[in-house]
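Peer 1:
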Amino acid sequence: MIVTPSESDSSASSTNGTPEHKPPGIKVATRRTPSPRKTASFMTALLSAMRMGPTRSRMGDIGGAISSLTNGSSKEQMTEGRNSPEGSESNELVEGGSASSTLTDQVTEMDVLLTRFLKVCCVLKNESDLQLAETEDENDRLSNQLRSQQQVIEQQHSDYEVLACSEARARKELAAVTHDLEVANKNLTKYFEAEYDHQVMKLQNEVEKLGGNVRHLEALNEEKERQLEEALSRLSAAQESAPANHVSEASHYREVSCLSDKVTSLRQSVMEREKQIIELNDRHAKDLAGLREAQGQTQYTSMQLTSTVETVLKQNVNSWI
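Take the sequence shown: its position 112, counted from the start at 1, is 112 in UniProt numbering, and no numbers get skipped.
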């Protein structure tokens, strides 16, 4: 039975000297009265042991006191039952009264000590309960934290697997895009090279045609100049060899004007041929400039495609890292 502080205080402050609650280890015999000396020595040993503390040696002393008390009381009872005279009953009653008062005081003192001990036990139990509750709360908190960390680790692992799959897929896509860009660059380079060769051949053919036309025009010009010189020489020869009044002046002027018209037409044709030659030369220069520009544009496009491929590769590598 656990004694509360209020009950122990009320039992300690009682005036009749009899405690309300008896310790569980003490039993009061109604038929046989133990020896007052043995009882007093037992209570003294028990109180001294309670005052000194619950060590093993002191508890052994208490056990020894209990055993000696039990054995001594039983032996004294047997001897007193056999050898006690009838005239010693009054002395035993006096000694029993004094022993009972001493026993009452000792029981009261022991009740107070037990009350204090129970108070200490209650305090220790409360503290142990609080510590146990705190330990359980800490254990729950650590368990929850461990579960949350485990969930975070599992989530990170799944994210890592997803990222690994995405990285592998991105690498495959990048390899495919790189291959497509390389193929497109090669095809574009081949196309521009073929177009460049075609334009060069076309310009060379036009240059050859222009050269043939120029040579033809120069030959025609030389032929016209030669014909003009022959006509002038014939005219001068005719004027010198003609007799007086043989050719009329009007016919002479007509022939001269006709020859002049021929010379003028020849000169105009020569000028037109020269103008055509100049135009052909200008067009040839423009074609050459366009060809050079196309070649530069091809080189610039190829460099731009190469730089684009390098930029895409760097961006993908940086994003994977």
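Built from N, CA and C at the ideal position, the CB exists for glycine as well.
Expressed to the nearest angstrom, what Euclidean distance is found between the alpha-carbon atoms of L266 and E225?
Peer 2: Each residue's Cα considered, the two are about 8 Å apart.
Peer 1: Does L114 pass the burial test, meaning 16 or more other C-beta atoms within 10 Å, or should it be called exposed?
Peer 2: Classification of L114: buried, given that the 10 Å Cβ count is 16 or more.
Peer 1: Compute the distance between the beta-carbons of L203 and L288, then report whether it is under 8 Å.
Peer 2: Yes.
Peer 1: My guess is that V263 and L228 are in contact by the Cβ rule of under 8 Å, so how many angstroms apart are they, rounded?
Peer 2: Yes, V263 and L228 are in contact; Cβ-Cβ is about 5 Å, under 8 Å.
Peer 1: Taking just the CA atoms, how far does E154 sit from L142?
Peer 2: Using only the alpha carbons, I get a separation of about 18 Å.
Peer 1: When the distance is taken between beta carbons, is L217 closer than 8 Å to R292?
Peer 2: Taking 8 Å as the Cβ cut-off, R292 and L217 do not qualify as a contacting pair.
Peer 1: Could you tell me if the beta carbon of L181 falls within a distance shorter than 7 Å of some heavy atom in the ligand SAH?
Peer 2: Looking at this structure, you won't find the ligand SAH or any other ligand, since it has none at all.
Peer 1: Give the list of continuous beta strand (DSSP E) stretches no shorter than 3 residues that lie fully inside the region 139-172.
Peer 2: Fully enclosed beta strand (DSSP E) runs of 3 or longer: not present.
Peer 1: Should L130 be labelled buried (16 or more other beta-carbon atoms within 10 Å of its own) or exposed?
Peer 2: So L130 counts as exposed.
Peer 1: Measuring only the C-alpha atoms, how far is K190 from V214?
Peer 2: Their backbone Cα atoms lie some 35 Å apart in a straight line.
Peer 1: Flag this pair as touching only if the region 303-310 and the region 180-189 have three or more C-beta atom pairs under 8 Å; answer yes or no.
Peer 2: Yes: the two stretches touch, three or more of their Cβ pairs being nearer than 8 Å.
Peer 1: Would residue 326 and T301 qualify as a contact pair, given that the criterion is a beta-carbon distance under 8 Å?
Peer 2: Coverage of the chain is limited to positions 1 through 321, which leaves residue 326 absent and any answer about it impossible.
Peer 1: For D159, count neighbouring Cβ atoms within 10 angstroms of its own Cβ and tell me buried if that reaches 16, exposed if not.
Peer 2: D159 is exposed by the Cβ-count criterion.
Peer 1: Around the C-beta of L146, are 16 or more other C-beta atoms found within 10 angstroms, so that it is buried, or is it exposed?
Peer 2: L146 should be labelled exposed.
Peer 1: With 16 other CB atoms within 10 Å as the buried threshold, where does D111 fall?
Peer 2: Buried.
Peer 1: With a Cβ-Cβ cutoff of 8 Å, do V256 and L232 count as a contact?
Peer 2: For V256 and L232, no; Cβs fall outside 8 Å.
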